[in-house]
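Visitor: In the working numbering, the protein residues as written are 2 to 188.
One structure, as structure tokens, below. Some questions next.
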């Protein structure tokens, strides 16, 4: 897929998060899900601390995702500081738009761009043709299938278990609180 083929976007709170991505200081985008490999538009939510409306500010090419537990131990501290997980989506290339595409409504997760916004983004990407290679995909190596299976097994083994048919202590406590509140409310 080419740079101008950017069918989706990902939203961040405030302009500083994607700003770090676009200045290739932040090597990963932390999410609870994996961002699909390929070019994705970087979108900022409206920032009340500045006059910046919600806007697409650039694009990034994501290569793969690394679970926080599998971030290599030899990663420099300045890069590791950006890894909070649970999924660290690795950025290989970025391109900053000279002028953001303003007043674009984003969404949670990875969302699709409208045909109008996709066309405007393609036009601006052709005009601003400077793409920066980050090299972060070499630092944050893609986990092997064996590593991912082992991590899944470890997570399963560490998860709390409850006897079949019983309820978790949290649910029981919540039921008691509700019953107590109901009894006190009736009196």
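All C-beta atoms in this analysis are idealised placements derived from N, C-alpha and C, irrespective of residue type, glycine included.
The model shown is predicted, which means the values in this text are computed figures rather than measured ones.
1. Which same chain residues end up closer than 7 Å to residue 186 when comparing Cβ atoms and leaving out the 5 residues on each side of it in sequence?
2. Report the rounded CA-to-CA distance for residue 83 versus residue 127, giving the unit in angstroms.
3. Out of 85, 145, 60, state which residue places its alpha-carbon closest to the alpha-carbon of residue 10.
4. Rounded to whole angstroms, what is the Cα-Cα separation between residue 47 and residue 152?
5. Do you know whose CA, among 109, 135, 142, lies nearest residue 97's CA?
6. Determine the closest residue to residue 141 out of 33, 55, 72, 63, with distance taken between C-alpha atoms.
7. Output the boundary residues of the alpha helix (DSSP H) element that contains residue 94.
8. Short of 7 Å in beta carbon distance, which residues of its chain neighbour residue 35, apart from the five on each side in sequence? Order them along the chain.
9. By how many angstroms is the C-alpha of residue 43 removed from the C-alpha of residue 114?
10. Between which two residues does the beta strand (DSSP E) harbouring residue 12 extend?
11. Please confirm whether residue 64 and residue 93 have their CB atoms less than 8 Å apart.
12. Let me see if you follow: with CB-CB separation under 8 Å, is residue 73 close to chain D or not?
13. Please specify which runs of the alpha helix (DSSP H), each continuous and at least 4 residues long, are wholly inside the region 102-147, giving them in chain order.
14. Are there 16 or more other CB atoms within 10 angstroms of the CB of residue 12, so buried, or fewer, so exposed?
15. Taking the beta strand (DSSP E) that residue 43 falls in, what are its first and last residues?
Guide: Put simply:
1. Here residue 186 scores only 45 on pLDDT, less than 50, and its place in the model should not be relied on; the value that follows carries that caveat. None.
2. Taking the Cα positions, residue 83 is about 30 Å away from residue 127.
3. It is 60 whose Cα lies nearest to the Cα of residue 10.
4. Approximately 37 Å, taken between the alpha carbons.
5. With distances taken between Cα atoms, residue 97 lies closest to 135.
6. Closest option to residue 141, Cα to Cα, is 72.
7. Annotation: residue 94 is outside any alpha helix (DSSP H); the continuous beta strand (DSSP E) that includes it extends over 88-103.
8. Excluding sequence neighbours, residue 35 sits near 66, 88, 90.
9. Rounded to whole angstroms, residue 114 to residue 43 spans 11 Å at the Cα level.
10. For residue 12, the uninterrupted beta strand (DSSP E) run begins and ends at 9-13, by DSSP.
11. Cβ distance < 8 Å, so residue 64 and residue 93 count as in contact.
12. No chain D is part of this structure, which consists of one protein chain only.
13. If only complete runs of 4 or more residues are kept, the region 102-147 shows the alpha helix (DSSP H) at 116-128, 137-140, in order along the chain.
14. Residue 12 is buried by the Cβ-count criterion.
15. Start and end: 39-45.
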